[in-house]
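Q:
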C-alpha cells in the first residue's frame with residue numbers, strides 16, 4: 001500500500017460500520033485518513049467527531065455524507081478521492097437498510113435492495129478502478145450469501161455471472177416481489193437471503209475479472225461475514241442475544257482481513273468468516289422457520 005493510506009467505510013455512523021471505522025482509526029498510522037460515511041449529515045458529523053476524539057485513535061478521521069443507494073453520488077465520491085489523494089487504499093462496503101418485523105418484507109424490499117445490493121454494485125463499479133495497488137475492497141455480507149442458500153433452479157442466475165448479470169438477476173427478483181410471484185418463482189421469503197447471495201456474487205464477478213493483476217500487486221477484493229452482531233438493526237429479530245457479538249468484537253476479524261500484510265490467493269474473491277473461506281456452493285435453502293428468525 002501507499003505510504004499514506006486513505007480508508008473509507010460506508011454505513012459507518014453506528015453499529016458495525018462505526019466499529020470498523022474506530023478499528024481502522026486505531027490501527028492505521030497518524031498520517032492515514034479514515035473517512036466515516038453515512039446518509040445523515042448530523043449523525044455522520046457526530047460519529048466522526050467522537051471517533052476522532054476516542055482515546056485509541058491514531059489516524060486522522062473525517063466524516064462524509066454518502067448515500068450508497070445513489071450510484072451517481074458514489075461515483076462522484078470515488079472520483080473526488082482519486083483526484084485529491086490519487087486513489088483509495090481501503091474501502092469497506094458495509095451500508096445496509098434495516099428491516100422491521102412490523103412491516104411486510106415486500107413493503108421494505110426496495111430500500112433494502114437499493115442500499116445492500118445497489119450500494120454494493122455502485123461501490124464495486126466506482127471504487128474498484130481507483131483502488132490503489134495493494135489495496136483492499138471488502139463487502140460486508142453474511143453466511144447466508146452462499147449459493148446453496150437458494151433453490152437449485154435459481155442458482156444459475158448468480159453462478160459465474162458477471163456484474164451486469166448479477167444486477168439483472170436482482171432486478172428480476174425485485175419485479176417478482178412487486179408482482180407477488182417471488183415465492184412461486186422460488187425466491188426465499190426473507191429478503192436477506194437473495195440479497196446476500198447477490199452481494200457475494202457481485203464480489204465474485206468483479207474479482208474474477210481482476211484476479212491476476214490484483215494478486216500480482218497484493219490487492220484484495222473479498223466479502224466477509226462478521227457473524228451475529230448485537231445492533232439496533234438485528235435486535236428486533238432475536239429473543240436471545242446471548243450469543244451475539246458486540247460491534248467491536250465483530251469488527252476485529254474483519255479488520256484482520258482488511259489489514260493482513262499479504263493476500264492469501266485462496267481468500268481472493270471469496271466469502272470469509274472468522275478467517276475461513278465459506279464454500280460458494282455450500283449451504284442449504286433456509287427452512288420456513290429459519291426464514292422467520294434469521295436476520
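Numbering (the working numbering), first residue to last: 1 to 295. For each residue, glycine too, the CB sits at the ideal point set by N, CA and C.
Mind checking which residues open and close the beta strand (DSSP E) that includes residue 276?
A: Where residue 276 is concerned, the enclosing beta strand (DSSP E) stretches over 276-278.
Q: Using only CA atoms, which one of 161, 138 and 97 lies nearest to residue 260?
A: The shortest C-alpha separation from residue 260 is found at 138.
Q: Can you round the beta-carbon distance between residue 21 and residue 34 to whole angstroms, since I take them to be within the 8 Å contact cut?
A: Indeed they touch by this definition, with Cβ atoms about 6 Å apart.
Q: Can at least three beta-carbon pairs, one atom from the region 199-212 and one from the region 267-277, be found at a separation below 8 Å?
A: Touching, yes, given that three or more Cβ pairs across the two stretches are closer than 8 Å.
Q: What residues in its chain sit with their C-beta under 7 Å from that of residue 112, if we drop five residues either side in the sequence?
A: Contacts found: 97, 99, 191 and 195.
Q: Rounding to the nearest angstrom, what Cα-Cα distance links residue 92 and residue 120 in this structure?
A: About 10 Å.
Q: When you compare only the Cα positions, how much space is there between residue 226 and residue 255?
A: Answer to the nearest angstrom: the Cα atoms are 10 Å apart.
Q: Determine the closest residue to residue 42 out of 147, 68 and 14, with distance taken between C-alpha atoms.
A: Checking every option, the nearest Cα to that of residue 42 belongs to 14.
Q: In or out: residue 104 buried (at least 16 other Cβ within 10 Å) or exposed?
A: So residue 104 counts as exposed.
Q: List the endpoints of the continuous beta strand (DSSP E) containing residue 89.
A: Its beta strand (DSSP E) spans residues 88-93.
Q: Report the residue ranges of all alpha helix (DSSP H) runs contained in full by the region 78-128; include only those spanning at least 4 residues, in chain order.
A: With a minimum length of 4 residues, the continuous alpha helix (DSSP H) runs that stay inside the region 78-128 are 105-113 and 119-127.
Q: So for residue 59, helix, strand or coil by DSSP?
A: Three-state result, residue 59: coil.
Q: For residue 199, count the other beta carbons within 10 Å of its own beta carbon; 16 or more makes it buried, fewer makes it exposed. Which is it?
A: Buried, by the Cβ-count rule.
Q: Note down, in chain order, each residue of its chain lying with its Cβ closer than 8 Å to the Cβ of residue 275, except the 5 sequence neighbours on either side.
A: So the qualifying residues of the chain are 253, 256 and 257.
Q: Residue 19 to residue 118, Cα distance in whole Å?
A: Cα to Cα, residue 19 sits roughly 23 Å from residue 118.
Q: Opposite residue 14 in the DSSP bridges: which residues?
A: Looking at the DSSP assignment, residue 14 forms no beta bridge with any residue, so it has no partner.
Q: With a 10 Å radius around its C-beta and 16 neighbouring C-beta atoms as the bar for buried, classify residue 25 as buried or exposed.
A: So residue 25 ends up on the buried side.
Q: For the beta strand (DSSP E) that residue 36 lies in, which residues bound it at each end?
A: 33-38 is the span of the beta strand (DSSP E), which, as asked, contains residue 36.
Q: With respect to the beta strand (DSSP E) encompassing residue 66, which residues constitute its N-terminal and C-terminal limits?
A: Taken as a continuous stretch (DSSP letters only), residue 66 belongs to no beta strand (DSSP E), as it is neither H nor E.
Q: What does the Cβ neighbour count give for residue 83, buried or exposed, with the cut at 16 atoms within 10 Å?
A: By the 10 Å Cβ count, residue 83 comes out exposed.
Q: Secondary structure at residue 6, three-state DSSP: helix, strand or coil?
A: Of the three classes helix, strand and coil, the one that applies to residue 6 here is strand, per DSSP.
Q: Grouping DSSP H, G and I as helix and E and B as strand, with all else coil, what is residue 293?
A: Low local confidence applies: a pLDDT of 44 at residue 293 is under 50, so the model's placement there is unreliable, and no value is given.
Q: Are residue 177 and residue 106 touching if we call contact CB-CB under 8 Å?
A: A contact, by the Cβ cut-off of 8 Å.
Q: At which residues does the alpha helix (DSSP H) containing residue 222 begin and terminate?
A: It is not in any alpha helix (DSSP H) - residue 222 instead sits in the beta strand (DSSP E) that spans 220-225.
Q: So, helix, strand or coil for residue 131, using DSSP?
A: Strand at residue 131.
Q: Considering Cα atoms alone, identify which of 148, 277 and 49 is closest to residue 187.
A: Nearest C-alpha to residue 187: 148.
Q: If I'm right that residue 181 touches residue 81 with Cβ under 8 Å, what's the distance once you round it to whole angstroms?
A: Their Cβ separation, rounded to whole angstroms, is 41 Å, which puts residue 181 and residue 81 out of contact at 8 Å.
Q: Among residues of its own chain, excluding the 5 on either side of residue 203, which ones have a beta-carbon nearer than 6 Å to its beta-carbon?
A: The residues are 139 and 223.
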